[in-house]
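Visitor: Just so we're aligned: 55 in the UniProt record's numbering is position 55 of the sequence shown, and the numbers increase by one with no gaps anywhere.
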Amino acid sequence: MTPQEETVILEARDILGRYLSQNPVIGSWQALMDYCALTVRGPNERFHVLYLDRKNRVISDERLSTGTVDHVPVYPREVIKRALMLNASALILIHNHPSGDPTPSEADLGMTKEIQKGCKYLGLMLHDHIIVGAGTELSLRALGKL
(Lines of atoms letter the chains of each structure in order from A; the text may use other names.)
(Lines give C-alpha, C1' and ligand atoms only; values in the text may rest on other atoms or scores of the structure.)
Protein backbone atom coordinates (compact mmCIF):
# COMPACT_ATOMS: atom_id res chain seq x y z
CA MET A 1 0.00 0.00 0.00
CA THR A 2 1.35 3.43 -0.89
CA PRO A 3 1.59 6.27 1.64
CA GLN A 4 -1.14 8.11 -0.29
CA GLU A 5 -3.46 5.09 -0.07
CA GLU A 6 -2.80 4.80 3.67
CA THR A 7 -3.68 8.48 4.07
CA VAL A 8 -6.93 8.03 2.14
CA ILE A 9 -7.89 5.03 4.29
CA LEU A 10 -7.19 6.95 7.51
CA GLU A 11 -9.27 9.88 6.26
CA ALA A 12 -12.13 7.53 5.30
CA ARG A 13 -12.03 5.99 8.79
CA ASP A 14 -12.24 9.47 10.32
CA ILE A 15 -15.22 10.35 8.12
CA LEU A 16 -17.00 7.10 9.01
CA GLY A 17 -16.30 7.66 12.69
CA ARG A 18 -17.80 11.16 12.54
CA TYR A 19 -20.77 9.81 10.58
CA LEU A 20 -21.38 7.08 13.16
CA SER A 21 -21.20 9.54 16.06
CA GLN A 22 -23.84 11.72 14.35
CA ASN A 23 -25.92 8.86 12.87
CA PRO A 24 -25.26 5.94 15.16
CA VAL A 25 -27.76 3.57 13.54
CA ILE A 26 -26.37 1.13 10.99
CA GLY A 27 -29.09 1.80 8.45
CA SER A 28 -28.34 -0.81 5.83
CA TRP A 29 -26.40 -3.98 5.18
CA GLN A 30 -24.16 -2.11 2.71
CA ALA A 31 -23.39 0.63 5.25
CA LEU A 32 -22.36 -2.06 7.75
CA MET A 33 -20.17 -3.83 5.17
CA ASP A 34 -18.51 -0.55 4.14
CA TYR A 35 -17.85 0.31 7.76
CA CYS A 36 -16.38 -3.15 8.47
CA ALA A 37 -14.18 -3.11 5.39
CA LEU A 38 -12.65 0.26 6.21
CA THR A 39 -12.36 -0.20 9.95
CA VAL A 40 -10.97 -3.71 10.32
CA ARG A 41 -8.86 -4.40 7.22
CA GLY A 42 -5.10 -4.51 7.83
CA PRO A 43 -1.91 -6.57 7.75
CA ASN A 44 -2.66 -8.29 11.09
CA GLU A 45 -5.85 -9.91 12.32
CA ARG A 46 -8.00 -7.55 14.36
CA PHE A 47 -11.10 -8.40 16.34
CA HIS A 48 -13.73 -5.69 16.83
CA VAL A 49 -17.15 -5.73 18.43
CA LEU A 50 -19.93 -3.29 17.62
CA TYR A 51 -21.99 -2.96 20.80
CA LEU A 52 -25.56 -1.88 20.06
CA ASP A 53 -28.55 -0.66 22.05
CA ARG A 54 -32.15 -1.90 21.70
CA LYS A 55 -32.68 0.21 18.58
CA ASN A 56 -29.45 -1.06 17.00
CA ARG A 57 -27.69 2.24 17.55
CA VAL A 58 -23.95 1.90 18.01
CA ILE A 59 -22.95 2.40 21.62
CA SER A 60 -19.31 1.59 20.93
CA ASP A 61 -16.99 0.06 18.34
CA GLU A 62 -14.18 -1.58 20.27
CA ARG A 63 -11.08 -3.33 19.06
CA LEU A 64 -10.76 -6.04 21.67
CA SER A 65 -7.71 -7.76 20.25
CA THR A 66 -4.96 -7.52 17.65
CA GLY A 67 -3.13 -10.62 16.53
CA THR A 68 -0.68 -11.84 13.94
CA VAL A 69 -1.04 -12.44 10.21
CA ASP A 70 -3.15 -15.55 10.79
CA HIS A 71 -4.51 -15.52 14.35
CA VAL A 72 -6.18 -13.16 16.81
CA PRO A 73 -6.86 -14.20 20.40
CA VAL A 74 -10.50 -13.73 21.41
CA TYR A 75 -11.86 -14.29 24.89
CA PRO A 76 -15.66 -14.78 24.87
CA ARG A 77 -15.85 -13.86 28.55
CA GLU A 78 -14.31 -10.44 27.84
CA VAL A 79 -16.61 -9.81 24.85
CA ILE A 80 -19.70 -10.46 26.98
CA LYS A 81 -18.35 -8.70 30.06
CA ARG A 82 -17.85 -5.53 28.01
CA ALA A 83 -21.40 -5.80 26.61
CA LEU A 84 -22.78 -5.89 30.13
CA MET A 85 -20.61 -2.96 31.22
CA LEU A 86 -21.93 -0.89 28.29
CA ASN A 87 -25.55 -2.00 28.85
CA ALA A 88 -25.60 -3.23 25.26
CA SER A 89 -28.52 -5.26 23.96
CA ALA A 90 -26.83 -6.67 20.87
CA LEU A 91 -23.42 -7.31 19.33
CA ILE A 92 -21.86 -7.64 15.91
CA LEU A 93 -18.49 -9.40 15.85
CA ILE A 94 -16.04 -8.33 13.16
CA HIS A 95 -12.58 -9.54 12.31
CA ASN A 96 -10.33 -9.60 9.28
CA HIS A 97 -8.34 -12.24 7.47
CA PRO A 98 -5.18 -10.54 6.14
CA SER A 99 -4.75 -13.45 3.70
CA GLY A 100 -7.72 -12.00 1.81
CA ASP A 101 -9.84 -15.15 2.06
CA PRO A 102 -12.81 -14.51 4.39
CA THR A 103 -13.69 -18.21 4.74
CA PRO A 104 -14.20 -18.90 8.46
CA SER A 105 -11.83 -21.28 10.20
CA GLU A 106 -12.98 -23.91 12.68
CA ALA A 107 -11.57 -21.66 15.41
CA ASP A 108 -13.69 -18.73 14.10
CA LEU A 109 -16.82 -20.89 14.17
CA GLY A 110 -16.07 -22.31 17.62
CA MET A 111 -15.39 -18.90 19.17
CA THR A 112 -18.58 -17.52 17.61
CA LYS A 113 -20.63 -20.39 19.08
CA GLU A 114 -19.15 -19.77 22.53
CA ILE A 115 -20.03 -16.07 22.38
CA GLN A 116 -23.48 -16.92 21.04
CA LYS A 117 -24.10 -19.29 23.98
CA GLY A 118 -23.09 -16.63 26.49
CA CYS A 119 -25.24 -14.01 24.78
CA LYS A 120 -28.28 -16.26 24.77
CA TYR A 121 -27.87 -17.07 28.45
CA LEU A 122 -27.60 -13.37 29.41
CA GLY A 123 -30.33 -12.01 27.12
CA LEU A 124 -28.02 -10.42 24.56
CA MET A 125 -28.51 -10.76 20.80
CA LEU A 126 -25.57 -11.74 18.60
CA HIS A 127 -26.64 -10.28 15.26
CA ASP A 128 -23.70 -11.48 13.19
CA HIS A 129 -20.01 -12.26 12.88
CA ILE A 130 -18.52 -10.61 9.82
CA ILE A 131 -15.16 -11.65 8.41
CA VAL A 132 -13.42 -9.12 6.20
CA GLY A 133 -11.23 -10.37 3.36
CA ALA A 134 -9.61 -8.62 0.41
CA GLY A 135 -12.42 -6.69 -1.21
CA THR A 136 -15.13 -8.95 0.19
CA GLU A 137 -16.92 -9.48 3.48
CA LEU A 138 -18.59 -12.67 4.67
CA SER A 139 -21.48 -12.96 7.15
CA LEU A 140 -21.74 -16.07 9.31
CA ARG A 141 -25.47 -15.41 9.67
CA ALA A 142 -25.87 -15.37 5.87
CA LEU A 143 -23.95 -18.66 5.75
CA GLY A 144 -26.39 -20.18 8.24
CA LYS A 145 -23.67 -20.54 10.89
CA LEU A 146 -25.54 -18.47 13.50
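The beta-carbon is built from N, C-alpha and C at its ideal position, and this holds for glycine as well.
Since the model is a prediction, treat every value here as computed from it, not as a measurement.
Mapping DSSP to helix, strand and coil, what is residue 153?
Guide: Lying before the first or after the last residue shown, residue 153 is absent from the chain, which here runs from 1 to 146.
Visitor: Between Leu84 and His127, which are expected to be in contact by the criterion C-beta below 8 Å, what is the C-beta distance as a whole number of angstroms?
Guide: Their Cβ separation, rounded to whole angstroms, is 17 Å, which puts Leu84 and His127 out of contact at 8 Å.
Visitor: Quick one: what does DSSP say Tyr75 is sitting in, helix, strand or coil?
Guide: DSSP places Tyr75 in coil when its eight states are reduced to three.
Visitor: Within its chain, find whatever has a CB closer than 7 Å to the CB of Leu109; leave out the 5 residues flanking it on each side and keep chain order.
Guide: So the list reads Lys145, once near-sequence residues are dropped.
Visitor: Nearest-angstrom Cα distance between Glu62 and Ile94?
Guide: Roughly 10 Å separates the two Cα atoms.
Visitor: With a CB to CB cut of under 7 Å and the five nearest residues on each side skipped, what residues in its chain are close to Gly118?
Guide: Around Gly118: Pro76, Ile80.
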